[in-house]
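Structure first, then comments.
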Amino acid sequence: MQGLGFGLGFYYVGERVADLANTLELPSYFRTDAAIFYEREQFRAALNFRNIFDVDYYTSRFGSGTFVMPGTPFTVQGTISWKF
6 MQGLGFGLGF YYVGERVADL ANTLELPSYF RTDAAIFYER EQFRAALNFR
56 NIFDVDYYTS RFGSGTFVMP GTPFTVQGTI SWKF
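Quick note: the sequence shown uses my numbering, first residue 6, plus one each step.
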């Protein structure tokens, strides 16, 4: 089908320290994302799938390392656009 496309993305982050004293280490993680879209002239519709295997991970830390931010769980985002 003309105008139909897809994509697959892999995102790896290694172990890293999460505090200034280097006493807290965040584990590595591997996230997989995917997308499917359809384009026709000025019209585009897409579905994006983030973290399709619902991997638990941490993205960052706050303050002195006592708070860490969990990563986004499995998420689906849809978009429709018209170019003019």
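We treat Cβ as the ideally placed atom computed from N, Cα and C, and that holds for glycine.
Asked	Found
Among the candidates F79, S86, W87 and T84, whose CA atom is the shortest distance from the CA of T37?	F79
DSSP puts G10 in a beta bridge; with which residues?	F42
Helix, strand or coil for G19? Go by DSSP, reduced to three states.	coil
Pull up the DSSP beta-bridge partners for G76, would you.	G76 pairs with nothing; no bridge assigned.
To the nearest angstrom, report how far apart I41 and F48 are at their CA atoms.	14 Å
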